[in-house]
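The block underneath contains the structure these notes are about, expressed in structure tokens.
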Amino acid sequence: MSTLTADEVYEALEQVIDPELGLDFVELGLIYDVEVTTLETDGGFEVTVTYSLTSPGCPIGPQIADQIKEFTIELEGVQKVFPKLVFSPPWTPEMMSEDAKFALGY
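The opening residue of the sequence shown carries number 1066 in the working numbering; numbering runs sequentially from there.
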């Protein structure tokens, strides 16, 4: 089995779209960290995705966790996906990519 990089996971996570803003969570700066662990038993992978939401009361929170699982589990060798929601540090518009800032007029 090949290796899996965090960059490959980030690429898959570009499919997680904020329906209100129409931009993906990677561009919005809402994916804080990706950790890929190789499982000793069979060489498969376990992925932990640390992410945030634009606000703690965001109504799409559960859908985002489901999408993170859905798009990450499709990667070759991924056996387990753990979405980890955090609010520290709090998300701010400054965390967005330059493209996202431009698209949203920041």
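Glycine is no exception: its CB is placed at the ideal position from the N, C-alpha and C atoms.
(1) Would residue 1114 and residue 1162 qualify as a contact pair, given that the criterion is a beta-carbon distance under 9 angstroms?
(2) Expressed to the nearest angstrom, what Euclidean distance is found between the alpha-carbon atoms of residue 1156 and residue 1119?
(3) Do you know offhand how far residue 1153's Cα is from residue 1079's?
(4) Please confirm whether residue 1081 and residue 1129 have their CB atoms less than 9 angstroms apart.
(5) Short of 7 angstroms in beta carbon distance, which residues of its chain neighbour residue 1133, apart from the five on each side in sequence? Order them along the chain.
(6) What ranges does the beta strand (DSSP E) occupy inside the stretch 1112 to 1168, keeping only unbroken runs of at least 3 residues that lie completely in it?
(7) Taking the DSSP output, what are the residues bridged to residue 1099?
(8) Rounded to whole angstroms, what's the CA-CA distance from residue 1034 to residue 1085? Just pull it up for me.
(9) Taking the straight line between their C-alpha atoms, what separation do you get for residue 1126 and residue 1164?
Checking against the coordinates, here is how it stands:
(1) One-based indexing of the sequence shown puts residue 1114 at position 49. One-based indexing of the sequence shown puts residue 1162 at position 97. Taking 9 angstroms as the Cβ cut-off, residue 1114 and residue 1162 do not qualify as a contacting pair.
(2) Looking up residue 1156 in the sequence shown gives position 91. Looking up residue 1119 in the sequence shown gives position 54. In this structure, the CA atom of residue 1156 is about 6 angstroms from the CA atom of residue 1119.
(3) Taking the first residue of the sequence shown as position 1, residue 1153 is located at position 88. Taking the first residue of the sequence shown as position 1, residue 1079 is located at position 14. Near 22 angstroms, if we compare the C-alpha coordinates of residue 1079 and residue 1153.
(4) Numbered from its first residue, the sequence shown carries residue 1081 at position 16. Numbered from its first residue, the sequence shown carries residue 1129 at position 64. Going by C-beta atoms, residue 1081 is nearer than 9 angstroms to residue 1129.
(5) The count along the sequence shown starts at 1 and reaches residue 1133 at position 68. These residues qualify, in order along the chain: 1078, 1081, 1114, 1116, 1146, 1148.
(6) Unbroken beta strand (DSSP E) runs of no fewer than 3 residues, entirely contained in the stretch 1112 to 1168, are found at 1143 to 1150, following chain order.
(7) Here residue 1099 corresponds to residue number 34 of the sequence shown, with the count starting at 1. Its beta-bridge partners are 1114.
(8) The structure shown does not extend to residue 1034, since the chain is modelled only from 1066 through 1171, so no value can be given for it.
(9) The residue given as residue 1126 occupies position 61 in the sequence shown. The residue given as residue 1164 occupies position 99 in the sequence shown. Rounded to the nearest angstrom, the two C-alpha atoms are 24 angstroms apart.
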